[in-house]
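Take the sequence shown: its letter number 303 is residue 318 in the numbering used here, and every next letter is one higher.
Ideal Cβ placement from N, Cα and C applies to all residues, glycine included.
Notes for the one structure printed next.
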Amino acid sequence: MNKILNARKRVMVALSGGVDSSVAAYLLKKQGFHVEGVYIHVWSAEDYLSDCPWQEDIKIAAEAAEVIGIRFRSIHLEDEYKSRVVEYMVEGYSAGVTPNPDVMCNQEIKFGVFLKWAMQEGAEYVATGHYARNELGITDYELRKGLDKNKDQSYFLYTLTQDKLAKILFPIGEYTKPTVRKIAKKALLPNWNRKDSQGICFIGKVELPKFLQNYIKPKKGDIITTDGEKIGEHNGIFYYTIGQRHGLHLGSKTGSEVYYIREKRLKDNVIVVAKGENNPLLYSKKITAINVNWISGEEPEFPLAALAKIRYRQSEEICKIEKIDDKRYRVIFAKPQFAVAPGQSIVFYKKEKCLGGGIMES
């Protein structure tokens, strides 16, 4: 990029306190942009959140901004986060599905409220430390996978639109994580060796059942096999997800056999489990998707041959996408998929390009 031209362009970087967003700001400053760092404050410490390190995050973010030589400030979006992300999570779990707060956080907070605020403040772009690439193609902006295949985060960005992509920069999408850390170390950034954040978007590392107990009252119920045999009890059907094997506490009755959650029957407050990871009852070839977003802004022709994945840590699988009606799409995989969890995201690809995605209904 031309440094002289970039100097006229103001970009606000969402600084989280992590190394990725700090390096994003550093790279943009080197490219000549007028860069400002912004910490998005969405959560204050609560009694039930023993590991909510926002105080440390904002301190390190400010230190990184000082080293880079950019203005730093914070904005408070607690109300927006609770109404658009936390309530979405609670409503989803209450309905018996497994929502994806990271997708909603990107859609509603980082590239929703924050993006709008930054534009009102006079910025031309916002930037984050996502491992993804935003490239201008022949006719539109294209969301592509990050160069680091192990860290690629395009899965969480499928709700982006053309209008938003025109205002977003992903500076570290062309780098691997080890390279990002090397850049940070060379630049003397204070967080060059800081561990990556884990857990719910923005909140930090917290046990999901513990978090949900503050919103959904737990009610014990039976755990049964696909044959109807009771083999245990659960602590609240809303705290479990399809495909889960850990935390079932089935005891000695099941011996060394491993069981996975196949179904959640909300009406009866019963969890149904199936034995063995290779059990055909845990697999599906057809998935119905709703709330689908096509990043190009135009719906493709159907049937569409594509690749798709139904969870973040998974390789894309060959599939065919058909349109059922104006709201629903049928995705038919070449190979059966393990543990389809309604509420989670299914994301579509053509090689490196993310086409879009939606929510799995069934």
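Helix, strand or coil: which one does DSSP assign to residue i?
| i | result |
| --- | --- |
| Gln352 | strand |
| Ser271 | coil |
| Phe126 | helix |
| Lys301 | strand |
| Phe253 | helix |
| Arg260 | coil |
| Ser360 | strand |
| Ile75 | helix |
| Ala39 | helix |
| Arg209 | coil |
| Trp69 | helix |
| Val118 | helix |
| Ser89 | strand |
| Leu370 | strand |
| Asp62 | Low confidence applies here, because Asp62 scores a pLDDT of 47, under 50, leaving its location unreliable; read the following figure in that light. Three-state result, Asp62: coil. |
| Gly47 | coil |
| Glu337 | strand |
| Glu81 | helix |
| Arg159 | strand |
| Arg25 | strand |
| Arg345 | strand |
| Tyr140 | strand |
| Gly243 | coil |
Rounded C-beta distance between residue i and residue j? I'm assuming under 8 Å.
| i | j | result |
| --- | --- | --- |
| Phe126 | Leu175 | 6 Å |
| Ile239 | Lys245 | 5 Å |
| Leu296 | Arg277 | 6 Å |
| Ile286 | His249 | 5 Å |
What does the Cβ neighbour count give for residue i, buried or exposed, with the cut at 16 atoms within 10 Å?
| i | result |
| --- | --- |
| Asn306 | exposed |
| Gly193 | First, the residue type needs correcting, since residue 193 is Pro and not Gly in the sequence shown. It counts as exposed. |
| Pro351 | exposed |
| Asp62 | Note that Asp62 scores a pLDDT of 47, beneath 50, so its modelled location is shaky and nothing firm can be said. |
| Phe317 | exposed |
| Glu157 | buried |
| Ser31 | buried |
| Asn206 | buried |
| Asp242 | exposed |
| Ser65 | Only weak support exists for where Ser65 lies, its pLDDT of 49 falling under 50; the coordinates are left without a value. |
| Thr154 | exposed |
| Gln329 | exposed |
| Gly33 | buried |
| Lys44 | buried |
| Leu281 | exposed |
| Gln135 | exposed |
| Ala349 | exposed |
Nearest to residue i by CA position, among the options, is which residue?
| i | options | result |
| --- | --- | --- |
| Cys334 | Asp72, Lys200, Lys365, Pro116 | Lys365 |
| Ile374 | Arg86, His91, Val112 | Val112 |
| Asp6 | Ala304, Ser311, Gly358 | Not covered by the structure: residue 6. The range shown for the chain is 16 to 377. |
| Tyr274 | Asn284, Leu281, Leu263 | Leu263 |
| Leu184 | Asn250, Gln329, Val50 | Val50 |
| Gln122 | Arg23, Ser169, Ile286 | Ser169 |
| Glu367 | Asp283, Lys164, Phe48 | Lys164 |
| Ser37 | Lys24, Thr191, Val53, Gln70 | Val53 |
| Asp72 | Val101, Val82, Ile55, Leu265 | Ile55 |
| Gln177 | Met134, Asp242, Gly312 | Gly312 |
| Asp94 | Ile336, Val57, Thr241 | Val57 |
| Glu106 | Lys160, Ala40, Tyr230, Lys131 | Tyr230 |
| Gly258 | Leu319, Ala356, Ala110, Leu204 | Ala356 |
| Lys279 | Ala349, Ala79, Leu43, Ser377 | Ser377 |
| Leu151 | Arg343, Glu337, Pro315, Ile310 | Ile310 |
| Pro315 | Lys232, Ile198, Tyr344, Asn294 | Tyr344 |
| Leu319 | Glu337, Ala39, Phe226 | Glu337 |
| Ser109 | Lys232, Cys369, Glu332, Asn294 | Lys232 |
| His91 | Trp132, Gln46, Glu222 | Trp132 |
Which residues in the same chain as residue i place their Cβ atom closer than 8 Å to its Cβ, once the five residues preceding and following it in sequence are excluded?
| i | result |
| --- | --- |
| Ile361 | Ile302, Ala304, Ala323, Lys324, Ile325, Val346, Gly372, Gly373, Ile374, Met375 |
| Asn149 | Tyr156, Glu157, Leu158, Arg159, Leu180, Ile183, Leu184, Phe185, Gly188 |
| Arg23 | His49 |
Which same chain residues end up closer than 7 Å to residue i when comparing Cβ atoms and leaving out the 5 residues on each side of it in sequence?
| i | result |
| --- | --- |
| Lys234 | Gly251, Asn284 |
| Asp14 | A question about residue 14 goes unanswered here, because the residues of the chain that appear run from 16 up to 377. |
| Ala138 | Arg25, Val26, Met27 |
| Tyr146 | Gly161, Asp163, Lys166, Asp167, Gln168, Ile187, Gly188 |
| Ser299 | Pro351, Gln352, Val355 |
| Asp237 | Lys245, Glu248, Val285 |
Once you ignore the five residues that flank residue i on each side, which residues in its own chain have a CB closer than 6 Å to its CB?
| i | result |
| --- | --- |
| Pro224 | Tyr254 |
| Tyr41 | Ile83, Ala202 |
| Lys290 | Glu272, Tyr274 |
| Glu78 | Pro205 |
| Ala80 | Gly52, Phe87 |
| Gly358 | Gly107, Val112, Thr113, Pro114 |
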